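S.K.:
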Amino acid sequence: MPGRAEKVEYSNLPASDGQAARLRAMSERDWVATAASLAERFAERAAQHDREGSFPHENFAELREAGFMKLTVPRSHGGFELPLSRFVRVQDALARGDGSTALSLNMHLIRFGAERESHLYPPEWFDELCRGAVEEGRLVNTAATEEGLGSPAGGGVPETTATPVEGGWVLEGRKTFVTLAPELWYMPVLARLDSPDGGPPDIADFMVLRDDPGIRIDETWDALGMRASGSHDLVLEGARLGEDRFLGYRNRATPSPRGRASGVWFALGVAATTTG
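Take the sequence shown: its letters are residues 12 to 287, numbered as in the working numbering.
1. State the beta-bridge partners of Met198 as determined by DSSP.
2. Taking the alpha-carbon positions, what's the Arg227 to Val246 distance?
3. Would you say the segment 252-263 touches the segment 203-221, given that touching needs at least three Cβ pairs under 8 Å?
4. His60 by DSSP, collapsed to three states: which one?
5. Between which residues of its own chain and Met237 is the CB-CB distance below 8 Å, once the five residues before and five after are set aside?
6. Can you give me the C-alpha to C-alpha distance between Glu126 and Thr45, rounded to a whole angstrom?
7. So for Val84, helix, strand or coil by DSSP?
8. Can you check whether the CB of Trp276 is closer than 7 Å to the CB of Gly124?
9. Roughly how many angstroms separate the alpha carbons of Gly64 and Asn262, rounded to a whole number?
10. Give me the Cα-Cα distance between Thr284 and Asp103, rounded to the nearest whole angstrom.
11. In angstroms, rounded to a whole number, what distance separates the CA positions of Gly108 and Asp229?
12. Consult DSSP for Phe79 and reduce its assignment to one of helix, strand or coil.
In structure tokens:
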């Protein structure tokens, strides 16, 4: 039965000097080879997770240990800055073992790859996303889609609302298809800002964190394919956020600022997962 997903406990993942040096010395081909090796182990568990619709936490533990959470993070922020051309080969290799795991990881890694070119996040928040991925293996994915709306990239206005209050904002709504939901820490959320004079609403982005009060994961994902991707619903019930969680806004008539970089990383990452 759909219910609340279990919280994930994150901790620092200090690497030994030897391990850190080994990871820094890895070439782009080494990452593809490592992905292929991990895929062999993922394949042994894939059928069970697919039958159960369960999230492969053990796969992500191995990916963290191997350094994959920072694969596309810029070198300036402690990552490996893998280029798009090699990233898709890594995705292809991982997907040969478990498509759900590869697709889920894709949604995290493309945030950093695209941001290297588009610079959409406020610098302090991009610094935090990178720090979390590099130092603690924390995951990020956007929560934008809603039932009946589809992707806001198509021009829809979210039903999720953001109401200004003293010291911050209160968010109310439900987001669907939030891939990686069982292990996400950072969740940029798209919400509407209703005009006080009754005019057209604006669209804003807010940073929601896993341990914020007023949020929960509703385990609704029960699809025919990619059953282990954990693409559940994020429910916001009076989620109160500080002023610092506001990332920016745009008029509904303004095209999405995600730009080509985000579209290219997303499309090619998913394509590589599919061919794998």
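Backbone N, C-alpha and C define an ideal beta-carbon position, used for all residues, glycine too. Predicted model, so just to flag it, every value in this text is computed and none were measured.
M.R.: Considering the structure as presented:
1. The bridge partners DSSP lists for Met198 are Val219.
2. Their Cα atoms are separated by approximately 5 Å.
3. The answer is yes - the segment 203-221 touches the segment 252-263, with three or more Cβ pairs under 8 Å.
4. His60: helix per DSSP, three-state reduction.
5. The beta carbon of Met237 sits closer than 8 Å to the beta carbons of Gly110, Ser111 and Leu114 from its chain, once the five residues preceding and following it are set aside; these are given in chain order.
6. Spanning the two alpha carbons is a distance of roughly 25 Å.
7. Three-state result, Val84: coil.
8. Gly124 places its beta carbon less than 7 Å from that of Trp276.
9. Rounded to whole angstroms, Gly64 to Asn262 spans 39 Å at the Cα level.
10. Rounded to the nearest angstrom, the gap between the Cα atoms of Thr284 and Asp103 is 5 Å.
11. Distance between the alpha carbons of Gly108 and Asp229 is about 27 Å.
12. Phe79: helix per DSSP, three-state reduction.
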